[in-house]
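In short: position in the sequence shown from 1, add 457, done, that's my numbering.
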Amino acid sequence: MSRTRTERLVNLVICLLSTRRFLTAAQIAATVPGYEHDPDDAKDHEAFQRKFERDKAELRELGVPLETGTASVFDAEPGYRIAPREYALPDIPLEPDEAAAVGIAARLWQHAGLAAAASSGLAKLRAAGIDVDPQATLGLEPMVTVDPAFAPLTAAARDRREVNFDYRVPDRDAPTRRRLQPWGVVCWRGRWYVVGHDLDRAATRCFRLSRVVGAVRVTGEPGAYEPPAGVDLISHVARWSGPVERTGRATVLVAPGRAAGLRRWAVETEAGPDGDRLVMPYADADFLAGQIVGYGPDVRVLEPPEVREAVIQRLKEIAARHDDLAVAGGAR
458 MSRTRTERLV NLVICLLSTR RFLTAAQIAA TVPGYEHDPD DAKDHEAFQR KFERDKAELR
518 ELGVPLETGT ASVFDAEPGY RIAPREYALP DIPLEPDEAA AVGIAARLWQ HAGLAAAASS
578 GLAKLRAAGI DVDPQATLGL EPMVTVDPAF APLTAAARDR REVNFDYRVP DRDAPTRRRL
638 QPWGVVCWRG RWYVVGHDLD RAATRCFRLS RVVGAVRVTG EPGAYEPPAG VDLISHVARW
698 SGPVERTGRA TVLVAPGRAA GLRRWAVETE AGPDGDRLVM PYADADFLAG QIVGYGPDVR
758 VLEPPEVREA VIQRLKEIAA RHDDLAVAGG AR
């Protein structure tokens, strides 16, 4: 199955799980990325119907309980939905390392664009006046984000291709150009790093992805190098990064009963009429911003300005990626 079709099926399942009412084929076509077409064009509409029939059959073969029915006796056209109670899995016990692997996979799934596309579809449902079950969409919250450099650097490491990028360090005003043979990308203490051979310094180096400025440029041919056998990327990052000292303090306003992850992080909590004020220690404003934006409107930064500005910048980047996905979806 192609990645495009897989994404379409995943978004279709999310869409049908997120509403209690039956959705018609026309509503699904207007909501789910991948089904865009001109309903007034007979050939285009016929192609959509064939695609939709194949996808329904595929979901049923996979065991997805796709229901057919109507929202009321006055509806002439049948609709579709997935009952969460029929689709839910039983509790699956996981060992700690298995749970960690599932968590990482979920974070990368969110970065791959499925969450943004699905969230866009749910927004369309709400705009059309269709109630969306908020509990069914909890998995779409990007509780952990990755940096824009993540995708090109992981692809370059997989294909063994050299890259160059501009890199900013705290003690310099302007970024400097780095040329790297990337060996892999790893997460250490909540931050993402690329490890590889620095061509200009002829040595192993680590680079924090949040400090990469602009686009990562792939310059080498595939298979141009081989990383050292048995290299331990995490050990390289641990030696390079040193201890993290959370000397900063940020105050955020949290909606009652929301953002449990931030509440566990807080060192002070004060209840108020407009929400709970949390004081959170932090070492890096960009990293803290990446955690906060995942909670959407439930969290608002009160101070300091550097964290508030970092959150605003993160939201602008998310909006820009969302616009790019929308343009790409309309082009198909």
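Quick reminder that beta carbons are idealized off the backbone N, C-alpha and C, glycines included.
All figures in this text were calculated on a predicted structure; none of them were measured in a lab.
Counting every other CB atom within 10 Å of its CB across the protein chains shown gives P609 a total of 16 or more, marking it as buried. Excluding sequence positions up to five before and after T525, its CB lies within less than 8 Å of the CB of F479, P535, G536, Y537, all in the same chain and listed in chain order. The residue from I471, D498, D497, T476 with its alpha-carbon nearest to that of V489 is I471.
Rounded to the nearest angstrom, the gap between the Cα atoms of A717 and K508 is 41 Å. Under the three-state reduction of DSSP, P639 is assigned to strand.
According to the DSSP secondary-structure assignment, I539 is paired through a beta bridge with L523. Shortest Cα-Cα distance from M737 to any of R703, G680, D755, A504 involves R703. Here the stretch 682-694 makes no contact with the stretch 720-733; the two share fewer than three CB pairs at distances below 8 Å.
Around the beta carbon of F531, fewer than 16 other beta carbons sit within 10 angstroms, so the residue counts as exposed.
Its chain contains L610, P639, V642, F664 as the residues whose beta carbon lies nearer than 6 Å to that of V651, once the 5 sequence neighbours on both sides are disregarded; these appear in chain order. Residue state for E534 is assigned as coil, using DSSP reduced to three classes. Each of T708, L656, R696, E510 was checked against the Cα of A723, and the nearest Cα belongs to T708. The C-alpha of A483 is placed about 20 Å away from the C-alpha of P522. Taking each of A487, Y739, Y492, T481 in turn and checking the Cα distance to E464, the smallest one comes out for Y492. Non-local beta-carbon contacts of E515 in its own chain, meaning distances under 6 Å to residues more than five positions away in sequence, are absent. Annotation for R674: V620, N621, F622 place their beta carbon closer than 8 Å to its own, counting only its chain and skipping 5 residues before and after. Around H693, the same chain offers V652, T661, C663 as residues with beta carbons nearer than 7 Å, after the five sequence neighbours per side are excluded.
Burial check for A504: the Cβ neighbour count within 10 Å stays below 16, so the residue is exposed. By alpha-carbon distance to R615, the top candidate from G677, I769, T481 is G677. Listed in chain order, the non-local C-beta contacts of A486 below 7 Å within the same chain comprise Y492, H494, F505, local neighbours out to five positions each way being set aside. Within the DSSP bridge table, the entry for C644 names W649 as partners. By the neighbour-count criterion, in which a residue is buried when 16 or more other Cβ atoms sit within 10 angstroms of its Cβ, R618 is buried.
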